[in-house]
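Have a look at the structure below, then the notes.
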């Protein structure tokens, strides 16, 4: 189960419709989340906690990744999305079959992105 996904430029809310990358729009819809104009995302499921976006590091082609800092229930997290081989270098614990899985889908012609997160140390400033 995926609890949180981060996307760069997921879209703009206009006339009750999100505009943006079709893949990212499909992911938000598939996860049954909503994205608000005040930089918050939330699961539509009961008890879903709001995710406040604190800072965005937009996609950088030379890094092959993007990341965001978010606040969830007074805790800060860094979420990163990018090329699987780039994200692999950042992982402390590599999931079982990580390399085999992304290479399998890459060989099939799929666009493969990896997602990872890290709980950050307590911050002296509260953005939540």
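Numbering (the UniProt record's numbering), first residue to last: 1 to 128.
Don't be surprised by glycine CBs; every beta carbon is placed ideally from N, CA and C.
DSSP-derived helix/strand/coil call for residue i
i: residue 52; result: strand
i: residue 60; result: strand
i: residue 26; result: helix
i: residue 99; result: helix
Those residues which DSSP pairs with residue i across a bridge
i: residue 34; result: 42
i: residue 70; result: 53, 77
i: residue 82; result: 65, 114
Contacting residues, own chain, Cβ-Cβ under 6 Å from residue i (five flanking each side not counted)
i: residue 56; result: 68
i: residue 112; result: 84, 102, 105, 106
Nonlocal neighbours in the same chain, by C-beta distance under 8 Å from residue i, ignoring five residues either side
i: residue 45; result: 32
i: residue 110; result: none
i: residue 60; result: 66
9 Å Cβ cutoff met for residue i and residue j
i: residue 114; j: residue 102; result: yes
i: residue 116; j: residue 79; result: yes
i: residue 54; j: residue 76; result: yes
### Uninterrupted beta strand (DSSP E) stretches inside the stretch 101-127 (no shorter than 3 residues)
114-119
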